[in-house]
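Enquirer: Below is one structure. I have some questions about it.
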Amino acid sequence: MFSPVDPKHVLANLYSDHHRWLRAWLYRRLNCPHDAADLTQDTFVRALTSRQLNTLQEPRAFLATIARNLLGNTFRRRALERAYLNELAALAPEFMPSEEDMALVREALELIDQLLDGLPLRARHCFLLHRLEGLSQPEIARHLDISLATVERDLRRAFLHCLSSTAP
Amino acid sequence: MRGHDADSANRAAVDWLLRLESAPAGSAPYQAFESWLLAHPEHVDAWQRVNAVLRTPLAALHEAERRSPGQLKVASDSLRALPCPSRRSALGGGLALLLGLGTAGIANRMMPLRELLADQRTATGERRTLILEDGSRLSLDARTAVDIQFDQHQRRVLLREGAVQVDVAHDPRRPFIVDSQDGTLRALGTRFMVRKDDAGSLASVQQHSVLLTNRSGRQQHIEEGQAYAFTERSIDLQTPSWRSRADWVEGRIDMRDEPLGQLIEALRPYRAGFLRISPQAARIRVYGVFPLDDSERTLRSLAETLPVEIATHGFCLTRIDVRPTHS
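First to last, the sequence lines map onto chains E and Y.
When we follow the working numbering, the leftmost residue of the first sequence carries the number 1, and every step to the right adds one.
When we follow the working numbering, the leftmost residue of the second sequence carries the number 1001, and every step to the right adds one.
See below:
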């Protein structure tokens, strides 16, 4: 039992046995062959770095767990993209950003969304109003109809949340 | 792993950031903050960490905003339109997604450390002209921070933020160098201006010429009347604009058919509160000379001559939007 097994070898077997199944599984949920292929790839890359690789009892359950995580991220990105397109649609045509600026904003949106992941909704709103729109704490309190003390508490929580998720 | 000290310093730094938001420069909380900051190196680190939160995505959003006004607001609305990803119970859709106009000077709200620790700095609305030891004149625009480093080989001014104009006293043995961190400008005897913000630097020459060398080593001679924008990687010729003219030294700004948004940008360092302008209003063209030191009067005269309305909300927020047309 002590003989070290080459993870690449284990992965190669895992791949040949299950990648078709995984891609079909992902395709059913994503409805897009390209995304399904990408996520299949990503799932196996994640699997490679997993410590459980050598002791797998149920490889498909293991792969599905990783894939489900990645799916969540993909759906989140799609929802973010939809929200962004909705907001853009409300702009007058002359304020449409260039493709380059859209790419810049998309990337920033994803980064911010990831940083705020897990932050309660109200704190998220306070923080975005404060950081992106430059509202003062009393203004945020008025806009969200909450107390100034709550705004302050939420902002503090959001800052500390970001600091803990960027910590090395 | 970060220790307990770093965590408590982080907490304190966040508290300061939130508390200083409403404190005018030089007030008691401000002074208390400065002594807290300088009391321990860990405090400086924490302050930098707190100010670095969201820095990368915000810089990208500001860059997009500069070219496509309204994108900051769009970004905020997009992120707020999403449900909470957390598995904890979300608050539901009861929160009103209110708010009018975007584009706020977020960078100005944070008090960057680099300004606090600089040799010379000017506050909001403050301009200063220094006579340096070699007889050169160094004018600092509002919200500007510089370090002055003179020795027997060179005369060096490190521009951390804001804008300076230098009237260089002739000294063939010691070149005069302004370093904006995107690049350096080197002169023997001349008059030129350098402006530095988060997006990059801009240099313009009012007399003779200077040699620009950016961080990647590219060089450009800038002649009298010319202006160049530069970053670490690029150097680009600019058509003259308020940003390249040095009228601020005399306390005025000269707009020649430039967007109103740019005039508001120029007024920001001269106003303690927030100035918000709608994308529509930002595009109106402006022509004229405006005083910087009385921004209140400048805003009033804009409302009289342009199709805009200006609403003041309390002490610190002013909103500018196009006047609704009544048919």
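Glycine residues also receive a C-beta, built at the ideal position from the N, C-alpha and C atoms.
(1) Output the residue ranges of the beta strand (DSSP E) runs that lie fully inside the region 1262 to 1293 of chain Y and measure 3 residues or longer, sorted by chain position.
(2) Since Val-29 (chain E) meets chain Y, which of its residues come closer than 7 Å, beta carbon to beta carbon?
(3) Give me, in chain order, the residues of the same chain whose beta-carbon lies closer than 6 Å to that of Leu-1130 (chain Y); leave out the 5 immediate sequence neighbours on both sides.
(4) By Cβ distance below 7 Å, which residues in the same chain neighbour Ala-1266 (chain Y) in space, the five residues on each side in sequence not counted?
(5) Going by DSSP in three states, Ala-1023 (chain Y) sits in which element: helix, strand or coil?
(6) Using only alpha-carbon positions, find the residue among E:Asp-38, E:Ala-90, E:Arg-131 that is nearest to Leu-22 (chain E).
(7) Only counting the same chain, and skipping five residues up and downstream in sequence, which positions put a Cβ closer than 6 Å to that of Thr-1122 (chain Y)?
(8) Assign Met-102 (chain E) to one of three DSSP states: helix, strand, or coil.
(9) With a threshold of 7 Å between beta carbons, is Arg-1330 (chain Y) in contact with chain E?
(10) Closer than 6 Å by C-beta to Asp-1151 (chain Y): which residues in its own chain qualify, once you throw out the five before and the five after it? Chain order, please.
(11) Put Asp-1179 (chain Y) into one of helix, strand or coil per three-state DSSP.
(12) Hey, is the region 1027 to 1041 of chain Y in contact with the region 91 to 102 of chain E, meaning 3+ C-beta pairs nearer than 8 Å?
(13) Run through the DSSP bridge pairs and tell me what Gly-1162 (chain Y) is partnered with.
(14) For Arg-1279 (chain Y), go through chain E and note every residue whose CB falls closer than 7 Å to its CB, in chain order.
(15) Going straight from the alpha carbon of Ser-50 (chain E) to that of Leu-109 (chain E), what length do you get?
(16) Which residues in the same chain have their Cβ closer than 6 Å to the Cβ of Ala-1272 (chain Y), if we skip the five residues on either side of it in sequence?
(17) If I follow the unbroken alpha helix (DSSP H) through Asp-1147 (chain Y), where does it start and stop?
(18) How many angstroms separate the CA atom of Leu-1302 (chain Y) from the CA atom of Asp-117 (chain E)?
(19) Could you check what DSSP says for Ser-1078 (chain Y) in three-state terms: helix, strand or coil?
(20) Could you please give the first and the last residue of the uninterrupted beta strand (DSSP E) stretch that includes Val-1053 (chain Y)?
(21) Closer than 8 Å, Cβ to any Cβ of chain E: which residues of the region 1005 to 1019 of chain Y, in chain order?
(22) Using the Cβ count rule (16 or more neighbours within 10 Å means buried), how would you classify Pro-1240 (chain Y)?
(23) Quick check: is the beta carbon of Cys-162 (chain E) nearer than 7 Å to any beta carbon in chain Y?
(24) Under three-state DSSP, which class holds Thr-1312 (chain Y)?
(25) Whole angstroms are fine: how far does the CA of Arg-157 (chain E) sit from the CA of Gly-1251 (chain Y)?
(26) Using a beta-carbon distance below 7 Å, is Glu-152 (chain E) in contact with chain Y?
(27) Is there at least one Cβ from chain E nearer than 7 Å to Ser-1078 (chain Y)'s Cβ?
(28) Taking the straight line between their C-alpha atoms, what separation do you get for Glu-1224 (chain Y) and Arg-1155 (chain Y)?
(29) Going by other Cβ atoms of all chains shown within 10 Å of its Cβ, with 16 needed for buried, is Phe-75 (chain E) buried or exposed?
(30) Less than 7 Å between the beta carbons of Leu-1212 (chain Y) and Gln-1220 (chain Y), yes or no?
(31) Nearest-angstrom Cα distance between Val-105 (chain E) and Ser-1076 (chain Y)?
(32) Would you say Ala-131 (chain E) reaches chain Y, if we count a Cβ-Cβ gap shorter than 7 Å as a contact?
(33) Measuring only the C-alpha atoms, how far is Ser-147 (chain E) from Pro-1279 (chain Y)?
(34) Would you verify that the beta carbon of Arg-1323 (chain Y) is, or is not, closer than 7 Å to some beta carbon of chain E?
(35) Following the continuous beta strand (DSSP E) through Thr-1122 (chain Y), name the residue where it begins and the one where it ends.
(36) Grab the span of the beta strand (DSSP E) containing Thr-1213 (chain Y) for me, first residue to last.
Expert: This is what the structure gives:
(1) 1274 to 1277, 1285 to 1291
(2) In the first sequence, counting from the first residue as 1, residue 29 (chain E) sits at position 29. Reading off the sequence, residue 29 (chain E) comes out as Arg, not Val. The premise fails here: Arg-29 (chain E) is roughly 17 Å from chain Y at the closest Cβ pair, so nothing lies under 7 Å.
(3) In the second sequence, counting from the first residue as 1, residue 1130 (chain Y) sits at position 130. Hits under 6 Å: Leu-1138.
(4) In the second sequence, the residue the question calls residue 1266 (chain Y) occupies position 266. So the qualifying residues of the chain are Trp-1242, Ile-1253.
(5) Reading the second sequence from its first residue, position 23 is the one you call residue 1023 (chain Y). Correct three-state label for Ala-1023 (chain Y): coil.
(6) Translated into positions along the first sequence, residue 22 (chain E) becomes position 22. Comparing Cα positions, the closest option is E:Asp-38.
(7) Translated into positions along the second sequence, residue 1122 (chain Y) becomes position 122. The answer, listed in chain order, is Arg-1128, Leu-1140, Ala-1142, Thr-1144.
(8) The residue labelled residue 102 (chain E) in the question sits at position 102 within the first sequence. It is helical.
(9) Any question about residue 1330 (chain Y) goes unanswered here, given that chain Y covers just 1001 to 1327.
(10) Locating residue 1151 (chain Y) in the second sequence gives position 151, counting from the first residue. Correct list: empty, nothing qualifies.
(11) For this step, residue 1179 (chain Y) is matched to residue 179 along the second sequence. DSSP places Asp-1179 (chain Y) in strand when its eight states are reduced to three.
(12) no
(13) As a working mapping, residue 1162 (chain Y) is identified with position 162 in the second sequence. Its beta-bridge partners are Y:Lys-1196.
(14) On the second sequence, residue 1279 (chain Y) is found 279 positions in, with the first residue counted as 1. Reading off the sequence shown, one finds Pro at residue 1279 (chain Y), where the question assumed Arg. Result: Phe-95.
(15) Counting from 1 along the first sequence, the entry for residue 50 (chain E) is found at position 50. Counting from 1 along the first sequence, the entry for residue 109 (chain E) is found at position 109. In a straight line, the C-alpha of Ser-50 (chain E) is about 29 Å away from that of Leu-109 (chain E).
(16) Counting from one through the second sequence, the residue named residue 1272 (chain Y) turns up at place 272. Here the set comprises Thr-1124.
(17) Residue mapping note: residue 1147 (chain Y) aligns to position 147 of the second sequence, counting from 1. Here Asp-1147 (chain Y) belongs to no alpha helix (DSSP H); instead the beta strand (DSSP E) covers 1145 to 1150.
(18) Numbered from its first residue, the second sequence carries residue 1302 (chain Y) at position 302. Numbered from its first residue, the first sequence carries residue 117 (chain E) at position 117. Spanning the two alpha carbons is a distance of roughly 43 Å.
(19) Along the second sequence, read from residue 1 onward, the residue named residue 1078 (chain Y) stands at position 78. Looking at Ser-1078 (chain Y) - three-state DSSP - the assignment turns out to be helix.
(20) Translated into positions along the second sequence, residue 1053 (chain Y) becomes position 53. No beta strand (DSSP E) contains Val-1053 (chain Y), which DSSP labels as neither H nor E.
(21) Asn-1010, Arg-1011, Val-1014, Asp-1015, Leu-1017, Leu-1018
(22) The residue given as residue 1240 (chain Y) occupies position 240 in the second sequence. Pro-1240 (chain Y) comes out exposed.
(23) Here residue 162 (chain E) corresponds to residue number 162 of the first sequence, with the count starting at 1. Chain Y contact via Cβ: present.
(24) Mapped onto the second sequence, residue 1312 (chain Y) falls at position 312. Residue state, collapsed to three classes: strand.
(25) Within the second sequence, numbered from 1, the residue matching residue 1251 (chain Y) stands at position 251. Within the first sequence, numbered from 1, the residue matching residue 157 (chain E) stands at position 157. Using only the alpha carbons, I get a separation of about 42 Å.
(26) By 1-based counting over the first sequence, the position of residue 152 (chain E) is 152. Yes - at least one Cβ of chain Y is within 7 Å of the one on Glu-152 (chain E).
(27) Residue numbering aside, residue 1078 (chain Y) sits at position 78 when the second sequence is read from its first letter. Cβ-Cβ to chain E under 7 Å: yes for Ser-1078 (chain Y).
(28) Stepping through the second sequence from its first residue, residue 1224 (chain Y) is reached at position 224. Stepping through the second sequence from its first residue, residue 1155 (chain Y) is reached at position 155. Their Cα atoms are separated by approximately 21 Å.
(29) The residue you call residue 75 (chain E) lines up with position 75 of the first sequence. Result: exposed.
(30) Residue mapping note: residue 1212 (chain Y) aligns to position 212 of the second sequence, counting from 1. Residue mapping note: residue 1220 (chain Y) aligns to position 220 of the second sequence, counting from 1. For Leu-1212 (chain Y) and Gln-1220 (chain Y), yes; Cβs fall inside 7 Å.
(31) Position 105 of the first sequence holds residue 105 (chain E). Position 76 of the second sequence holds residue 1076 (chain Y). Going by the C-alpha atoms only, they are around 10 Å apart.
(32) Taking the first sequence and counting its residues from 1, the one referred to as residue 131 (chain E) is at position 131. Ala is not the amino acid found at residue 131 (chain E); the sequence shown has Arg there. By this cut-off, Arg-131 (chain E) is an interface position.
(33) Along the first sequence, read from residue 1 onward, the residue named residue 147 (chain E) stands at position 147. Along the second sequence, read from residue 1 onward, the residue named residue 1279 (chain Y) stands at position 279. If I take the Cα positions, the gap works out to 31 Å.
(34) As a working note, residue 1323 (chain Y) is residue 323 in the second sequence. Chain E contact via Cβ: absent.
(35) Position 122 of the second sequence, counted from the first residue, corresponds to residue 1122 (chain Y). Unbroken run through Thr-1122 (chain Y): none, as it is neither H nor E.
(36) Taking the second sequence and counting its residues from 1, one reaches residue 1213 (chain Y) at position 213. That run of the beta strand (DSSP E) goes 1209 to 1214.
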